[in-house]
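Novice: Pasting a structure below so you can have a look.
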Amino acid sequence: MIRDYIFGGNWKLQYPTVETSVKAAKDIADQLSTIDVEAFIAPSPNALYEVGRMIKESNLKLAGQNMHFMQKGAFTGEVSIDGLLEAGCEYVLLGHSERRRIFGEIDEMINKKVHTALDNDMKVVLCIGETASERANGDMAKVNMEQLSGSLKDVSEVQLNNIVIAYEPVWAINNEYLNPGVKIKAATIEEANESHAVVREWFVKNYGQSVSEKIRIQYGGSMKPTNAKELLSQRDIDGGLIGGASLKAETFIPILNSIK
Ligand code: PGA
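Note that the sequence shown ends on residue 263 in this note's numbering; no numbers are left out.
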């Protein structure tokens with residue numbers, strides 16, 4: 004494997020209080036101490052600072068779930084990059100499908116956030132992915148390439164060292180608002196490979212072969228201990244961005260262990 008695996012736990016708003024978040028973070032940090040892999044959790048902003056304090060001495064890293072592109076100002080309800088840095092975040096998730104599809108974020112806005120993050124020494128996990136209908140219409144490649152082009156506009160080759168891509172097909176994300184009334188399941192190996200190859204190829208075209216081989220592409224969407232091993236053994240899958248199964252050490256840790 005030329006690239007090191009990277010795993011993230013996207014906690015969304017599943018632990019809405021500081022107390023529940025800190026407890027779960029402690030369990031995961033304790034168990035991660037014996038595993039040599041890069042992993043972060045992204046707690047809700049309410050709990051970020053306290054979770055950061057709890058895991059400070061551990062090898063579990065901290066990530067923000069989102070941030071505003073302006074560092075400060077009259078932006079009611081927003082999260083600042085300085086707040087993320089103060090809490091101890093090394094990464095920030097940008098462009099998650101829930102942000103794009105529920106909160107209306109567009110690539111232009113995500114691109115501004117990417118630049119603000121990179122200019123302030125914050126690493127970015129850029130999330131992309133197509134919906135079920137986009138895939139059914141044969142637009143999977145087009146949608147993902149457009150999101151990459153829009154979100155990474157004017158990002159230099161050097162800056163890409165601080166970017167991880169999370170390919171998350173919207174239809175595989177365990178989210179009843181994004182996928183009302185359908186049975187949600189992870190992408191098959193074939194589907195995941197097809198999409199990861201599209202993403203890798205976009206980097207070949209836009210940055211060249213050697214850069215494309217270095218960029219890490221996580222898979223996200225219903226990754227669990229039962230399907231992780233097979234997904235993670237694929238050449239172009241360099242880790243996972245995990246929602247539901249990252250909430251507890253009992254399910255998150257076995258996913259990380261499945262790369263052994
Ligand atoms: P899920 O979420 O693992 O619960 O499907 C993944 C994500 O939204 O990042």
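Beta carbons: idealized from backbone N, C-alpha and C, even for Gly.
1. Just to confirm the assignment, what range does the alpha helix (DSSP H) spanning residue 12 have?
2. What does a CB cutoff of less than 6 Å around residue 219 pick up in its chain, not counting 5 residues either side in sequence?
3. Report whether the distance from the Cβ of residue 130 to the nearest heavy atom of the ligand PGA is below 8 Å.
4. By how many angstroms is the C-alpha of residue 202 removed from the C-alpha of residue 148?
5. Hey, would you say residue 125 sits closer than 9 Å to residue 92, going by beta carbons?
6. Please report how far the alpha carbon of residue 133 lies from the alpha carbon of residue 51, in whole angstroms.
7. Leaving out five residues before and five after residue 98 in sequence, what residues of the same chain have Cβ atoms less than 6 Å from its Cβ?
8. For residue 221, which residues does DSSP report across the bridge?
9. Quick one, which of 245, 237, 236 has its alpha-carbon nearest residue 223's?
10. Indicate the three-state DSSP secondary structure (helix, strand or coil) for residue 206 in the structure shown.
11. Compute the minimum distance between the beta carbon of residue 244 and the heavy atoms of the ligand PGA, and state whether it is under 8 Å.
12. So does residue 231 have its beta carbon nearer than 8 Å to some heavy atom of the ligand PGA?
13. Going along the chain, which unbroken runs of the beta strand (DSSP E) with 3 or more residues stay wholly within the stretch 46 to 98?
14. Using a Cβ cut-off of 9 Å (strictly closer), state whether residue 62 contacts chain C.
15. Does the distance from the CB of residue 47 to the CB of residue 24 come in under 9 Å?
16. State the DSSP-derived secondary structure class of residue 116, mapped to helix, strand or coil.
17. Residue 245 lies in the beta strand (DSSP E); which residues open and close that run?
18. Among 188, 140, 157, whose alpha-carbon lies nearest the alpha-carbon of residue 210?
19. According to the neighbour-count rule (16 or more other Cβ atoms, all chains shown, within 10 Å of its Cβ), is residue 243 buried or exposed?
20. Using a Cβ-based criterion (distance less than 8 Å to any ligand heavy atom), does residue 197 qualify as near the ligand PGA?
21. For residue 160, which three-state DSSP category applies?
22. Do you know offhand how far residue 173's Cα is from residue 194's?
Specialist: Here's the rundown:
1. Taken as a continuous stretch (DSSP letters only), residue 12 belongs to no alpha helix (DSSP H), being part of the beta strand (DSSP E) at 9 to 13.
2. 6, 9, 167, 241
3. yes
4. Within the model, the alpha-carbon separation for residue 148 versus residue 202 is close to 7 Å.
5. Yes, the pair counts as a contact, with Cβ atoms nearer than the cut-off.
6. 29 Å
7. 113, 129, 130, 154
8. 169
9. 245
10. helix
11. yes
12. no
13. 63 to 67, 92 to 97
14. Absent from the structure is chain C; it holds one protein chain and no more.
15. yes
16. helix
17. 242 to 245
18. Of the candidates 188, 140, 157, the one whose C-alpha sits nearest the C-alpha of residue 210 is 157.
19. It counts as buried.
20. no
21. Here residue 160 sits in coil by DSSP.
22. 13 Å
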